[in-house]
Amino acid sequence: MKTEKTNNMDILKVKDNMIIYSYRNGLKTSLHSDLVALVYNKPNIWLIFKDEEVLVHVSMLQIESVLQNNFTRINRQVIVNMNHVSEFIFKDGSYWIHLKRGLEYKISERRKKAVREAFLLYANPNKV
């Protein structure tokens, strides 16, 4: 599956273990496993990789449709690669995800059960 550039939207395509995306008026590839999180910042999305962050203009629904199963939406704005999650914790009255890169995101109340199940399925301290 892929998203194509239409109506000023950027290109985003997943092929095997690679993600291909618009980058500086061209295209760039990265390993799918290096994608740590995606953060929606209307009308754009930050692709957060291990070593860099890239801003693309693609819809969240289009991205969700091409991601592998180890990616889980934790709230309206954030999708995380569960292979990069180090902790699923409760603090300040809410559940949070901590990523190995040092990032943390709040989990929405309606998604906490699904995120917990994904954490149990994919979290592995030896990966990544």
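Under full-length UniProt numbering, the sequence shown has 11 at position 11, and the numbering climbs by one with no breaks.
By construction, the Cβ of each residue, glycine as well, lies at the ideal position given by its N, Cα and C atoms.
Listed in chain order, the non-local C-beta contacts of V115 below 8 Å within the same chain comprise T72, I74, F88, Y95, I97 and I107, local neighbours out to five positions each way being set aside. Contact between the region 10-23 and the region 58-68 is present, with at least three C-beta pairs closer than 8 Å. Distance from the CA atom of R24 to the CA atom of L55, rounded to whole angstroms, is 10 Å. With a threshold of 16 other beta carbon atoms within 10 Å, M82 meets it and is buried. The DSSP-derived three-state label of I11 is coil. Under DSSP, Y105 shares a beta bridge with I97.
Measuring C-alpha to C-alpha distances from L103 to each of K42, L38 and Q62 identifies L38 as the nearest. Taking C-alpha positions only, K100 is separated from A123 by approximately 11 Å.
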